[in-house]
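Structure record follows, encoded as structure tokens.
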Amino acid sequence: MHLFLPIGFDFWTGLIGWIVSLATVLGLALVLRHERRQARSLVERSKELERLSSELLRVNRMKSEFLANVSHELRTPLNAIVGFVDLLREGVYGELAPRQVKPVERIEASANHLRHLVDQVLDLAKMAAGRLEIHTETIDLRPFVLDVASEIESLVSEKGLSLSLVMGAALPRIRTDPTHLRQILVNLLGNAVKYTNEGGIVIRTRLVDSLPDSGTQSSDRAPYPTNPWIGIQVIDTGIGIRPADQSRIFDEFEQVDAGPRGNSAERGTGLGLAISRRLASLIGGMVELESEFGRGSTFTLWLPVDPNDLAATSK
Numbered sequence: 143m144h145l146f147l148p149i150g151f152d153f154w155t156g157l158i159g160w161i162v163s164l165a166t167v168l169g170l171a172l173v174l175r176h177e178r179r180q181a182r183s184l185v186e187r188s189k190e191l192e193r194l195s196s197e198l199l200r201v202n203r204m205k206s207e208f209l210a211n212v213s214h215e216l217r218t219p220l221n222a223i224v225g226f227v228d229l230l231r232e233g234v235y236g237e238l239a240p241r242q243v244k245p246v247e248r249i250e251a252s253a254n255h256l257r258h259l260v261d262q263v264l265d266l267a268k269m270a271a272g273r274l275e276i277h278t279e280t281i282d283l284r285p286f287v288l289d290v291a292s293e294i295e296s297l298v299s300e301k302g303l304s305l306s307l308v309m310g311a312a313l314p315r316i317r318t319d320p321t322h323l324r325q326i327l328v329n330l331l332g333n334a335v336k337y338t339n340e341g342g343i344v345i346r347t348r349l350v351d352s353l354p355d356s357g358t359q360s361s362d363r364a365p366y367p368t369n370p371w372i373g374i375q376v377i378d379t380g381i382g383i384r385p386a387d388q389s390r391i392f393d394e395f396e397q398v399d400a401g402p403r404g405n406s407a408e409r410g411t412g413l414g415l416a417i418s419r420r421l422a423s424l425i426g427g428m429v430e431l432e433s434e435f436g437r438g439s440t441f442t443l444w445l446p447v448d449p450n451d452l453a454a455t456s457k
């Protein structure tokens, strides 16, 4: 005789509840296991990224040291070549024959170009390695800019361009590294001459109470103090720079509308503006660009002015 017990509603409800609870527990266990695996994976990835970052920094430091050392070693023989070429041109080893003059001039031009490239690579390597020294002095800006302008006057005349200076009569003295300041201005002026075929170049100074709003792409703008600033502007009527190119021209080895590959002197190195922006940052300033394609460019070097120097000038 079989006895069948009726299965009531409460039994099925309890069974379903038990199954749901079991499924929930199993689901949570699976989720927890998955989360732990992800956490372990993230930790491993983080450690790998840290290792790769450290390795990248080490390799980058080695590259900078290598460039600095090689560039330094290259300077000695290059200086010797340029020195001996000067002696040849001066006739120290006898007068040059007419057929020898041109080849000697080409040797001198090529050696000077190569020495300039080595100097730029060395400067860039020193900055990357944190080995570039800053020697701050107090300088009178007006005669300093006039002296720098005189250095590129012959280049301006060769291309039939005009050179104008618009500077205030009583500019404040500034505290900066004169060597690096000169290099920045020479780079900016050299670029202006290179990419200007007609018209002229203007060097203008602007003294402001605080930095004006910039509509350019500059990423160097940061929370600078609201102290006085002086801007040294290099304005040209050259080919200008397209908006899409205005940020990358400050990158290392970047060139826009470069000359033919066979003419290295015309193509340049693509380091001048990168070095100028880095140098400006090292001396507490920055370089900004405004340009309209086909109508010229304006590069502005902003330098901070000590309020005490400004007050002394106004007396």
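Each position in the sequence shown, counted from 1, maps to that position plus 142 in the numbering used here.
Beta carbons are placed, not taken as given, at the ideal position from N, Cα and C, and that holds for glycine.
Status (buried if at least 16 other CB within 10 Å, exposed otherwise) for residue i
| i | result |
| --- | --- |
| tryptophan 444 | buried |
| alanine 422 | buried |
| glutamine 242 | exposed |
| asparagine 221 | exposed |
| glycine 225 | exposed |
| arginine 390 | exposed |
| serine 433 | buried |
| arginine 315 | buried |
| leucine 164 | exposed |
| asparagine 486 | No statement about residue 486 is possible, as the shown extent of the chain runs from 143 to 457 and does not include it. |
| valine 160 | One point to set straight first is that residue 160 is tryptophan, not valine, in the sequence displayed. The residue in question, tryptophan 160, is exposed, as its Cβ has fewer than 16 Cβ neighbours within 10 Å. |
| alanine 253 | buried |
| serine 361 | Interpretation of serine 361 is limited by its pLDDT of 43, a score under 50 that renders its predicted location unreliable; no figure is taken from the coordinates. |
| methionine 428 | buried |
| arginine 187 | exposed |
| threonine 318 | buried |
| phenylalanine 146 | Here the model assigns phenylalanine 146 a pLDDT of 47, short of 50, so the residue's position is not dependable and the matter cannot be decided. |
| glutamate 430 | buried |
| arginine 419 | buried |
| leucine 191 | exposed |
| isoleucine 158 | exposed |
| leucine 288 | exposed |
Closest by C-alpha distance to residue i, when choosing among the options
| i | options | result |
| --- | --- | --- |
| valine 246 | Leu274, Arg182, Gln388 and Ile223 | Ile223 |
| glutamate 394 | Leu413, Arg179, Thr442 and Leu323 | Leu413 |
| threonine 440 | Leu330, Leu452, Ala386 and His258 | Leu330 |
| glutamate 207 | Val227, Met269 and Leu307 | Met269 |
| asparagine 211 | Lys336, Leu264 and Leu220 | Leu264 |
| isoleucine 276 | Ile249, Ile316, Pro320 and Glu237 | Pro320 |
| serine 306 | Thr280, Thr166, Leu313 and Ile343 | Ile343 |
| arginine 384 | Phe435, Leu274, Arg179 and Leu256 | Phe435 |
| valine 260 | Val234, Glu192 and Pro219 | Pro219 |
| glutamate 250 | Arg231, Glu237 and Gly382 | Arg231 |
| glutamine 262 | Glu190, Ile326, Leu172 and Trp371 | Ile326 |
| valine 298 | Ala181, Gln375 and Thr338 | Thr338 |
| asparagine 450 | Leu288, Thr280, Gly382 and Arg193 | Thr280 |
| threonine 278 | Leu424, Thr442, Gly169 and Val429 | Leu424 |
| arginine 203 | Ser183, Asp378 and Arg273 | Arg273 |
| glutamate 340 | Gly169, Trp371, Gln375 and Glu300 | Glu300 |
| alanine 469 | Pro285, Ser304 and Ser296 | As shown, the chain starts at 143 and ends at 457. That puts residue 469 outside it, with no answer to give. |
| glutamine 388 | Leu415, Asp378 and Trp371 | Leu415 |
| serine 304 | Ala171, Val376 and Ala181 | Val376 |
| leucine 256 | Arg182, Val173 and Leu216 | Leu216 |
Beta-carbon separation (whole angstroms), residue i vs residue j, contact threshold 8 Å
| i | j | result |
| --- | --- | --- |
| glycine 373 | glycine 438 | So it is not a contact: roughly 17 Å between Cβ atoms. |
| asparagine 369 | valine 447 | 7 Å |
| leucine 323 | isoleucine 417 | Actually they are not in contact, since the Cβ atoms of leucine 323 and isoleucine 417 sit about 13 Å apart, beyond 8 Å. |
| glycine 310 | leucine 349 | 7 Å |
| valine 308 | arginine 346 | 4 Å |
Residue span of the alpha helix (DSSP H) that contains residue i, given as start and end
| i | result |
| --- | --- |
| aspartate 289 | 283-293 |
| arginine 420 | 414-424 |
Residue i, enclosing beta strand (DSSP E) - first and last residue
| i | result |
| --- | --- |
| leucine 443 | 438-446 |
| leucine 431 | 428-434 |
| isoleucine 391 | Neither: isoleucine 391 is in no beta strand (DSSP E) and is coded neither H nor E. |
| glycine 373 | 371-378 |
CB contact below 9 Å: residue i versus chain B
| i | result |
| --- | --- |
| arginine 179 | Here chain B cannot be found, since the structure has a single protein chain. |
Near the ligand MG: residue i beta-carbon under 8 Å from a heavy atom
| i | result |
| --- | --- |
| leucine 172 | The ligand MG is absent from the structure shown, which contains no ligands of any kind. |
At what residue ranges does the region 301-355 contain a whole run of the alpha helix (DSSP H), taking only runs of 4 or more?
Taking only runs of at least 4 residues, the alpha helix (DSSP H) segments lying wholly in the region 301-355 are 320-336.
Going residue by residue through the region 209-233, where are the continuous alpha helix (DSSP H) segments of at least 4 residues, counting only ones entirely within it?
Listed in chain order, there is nothing to give.
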